[in-house]
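These notes concern the structure reproduced below.
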Amino acid sequence: MTLIKMMIESFYIKNMVCPRCIMAVKSILEELKIDYVSVNLGQIDLNQPLSKGDLNQLEIQLKNFGFEILEPGNSSLVSKIKTTLIEQIHYSTEYLNVNFSAFLSDKLNHEYSYLSRLFSSVEGITIEKYITKLRIEKVKELLYYNELSLTQIAYQLGYSSVAYLSTQFKKETGMTPTEFKKLRGPGHKHLDSL
C-alpha cells in the first residue's frame, strides 16, 4: 500500500477581511480552475504548487478585487495578526476569556512582544490601537442595527463597563454612542481600511 503525501501550498492574502471576501476568492480560484483545500480569512491553501503562469493569473484576478498575495515573512505575519483579530472581534460568537496578548501568542505561536514590535513597525500603530479601532467599528455596526443595548454591546465586546466603552468611543469618533445612534447612515469603516 502506497501513501501519497499531499503537498499543500499556502498563500497569505491582504485585504481578505469578511465572509464575502472568502466567497470572492473561492470564485476566482474556481474560475481559474485552481484546486484548493481551503479558503479562510487571509489565507488560501492549495492542493499543489502553482505554475508561474497560474500564479500570475491568480495575482491579476486577486488585484482586480482589491486583494494581494503577500510575500512570506513579516507582511504575512502582520496580515495573520489582523485576520485573527478581525475573526475574533467581528465574527466569533465565543466570549474571549483571556486578554488579546495571550490570545494572539497562542494562535500565532509567537511571543506577544515580538508580534507587537513587528506590527508597530509595519503598520505604524500598536496592536492595542488596532484592536480599539476594530472594537469601535463593531460597536458602530451593533449600534446601527439597534438590536442590543449599550450594556449588552459592552459585555459582548469585552469592555469592563459601559462608561469605558463610551469613553473609548468618544475618543475614537468624537461623539458619544448616543449621538452616533442618531445619525442616519451606518457610519462605520470597511475593515480593510483600518
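Per the UniProt record's numbering, the very first residue in the sequence shown carries number 1; after that it's consecutive.
Note that beta-carbon positions come from the ideal geometry of N, C-alpha and C, so glycine has one too.
Bear in mind the structure is a predicted one, so any value in this text is a computation, not a measurement.
Proximity winner among the options, relative to residue i (alpha-carbon distances)
i           : options               : result
G53         : K33, N40, Q43, I44    : K33
residue 277 : I125, V25, Q152, N109 : Limits of the chain in this structure are 1 at one end and 194 at the other, which puts residue 277 out of reach.
T167        : K107, L148, V139      : V139
Q43         : N56, S149, P19        : P19
Y91         : Q156, N15, K171, T173 : Q156
E141        : S105, S75, L183       : L183
V122        : A102, Q57, K80        : K80
Residue i to residue j span [Cα, whole Å]
i    : j    : result
Y112 : Y12  : 21 Å
R46  : E30  : The identity of residue 46 in the sequence shown is Leu, whereas the question assumes Arg. Their Cα atoms are separated by approximately 12 Å.
E179 : N109 : 41 Å
T83  : M16  : 8 Å
L118 : L85  : 15 Å
A163 : E128 : 19 Å
Y145 : S51  : 46 Å
Y159 : I22  : 29 Å
Beta-carbon proximity list for residue i, same chain, < 6 Å, skipping 5 on both sides
i   : result
M1  : Below a pLDDT of 50, predicted positions are generally treated as unreliable, and M1, at 44, falls in that range; the measurement from the model is reported next regardless. Closer than 6 Å at Cβ, skipping near neighbours: no residue.
E9  : L46, P49
K14 : E68, L70, S79
Helix, strand or coil at residue i [DSSP, three-state]
i    : result
E59  : helix
K140 : helix
T2   : At T2, the pLDDT of 47 sits below 50, so the modelled position is not reliable; the number obtained from the coordinates is stated separately. T2: coil per DSSP, three-state reduction.
Beta carbon of residue i nearer than 8 Å to that of residue j
i    : j    : result
L165 : I153 : yes
I136 : F169 : yes
Own chain partners of residue i with C-beta closer than 7 Å, once the 5 adjacent residues on each side are dropped
i  : result
I4 : Residue confidence is low: I4 scores 48 on pLDDT, short of 50, so the model does not pin down where it sits. No coordinate-derived value is stated.
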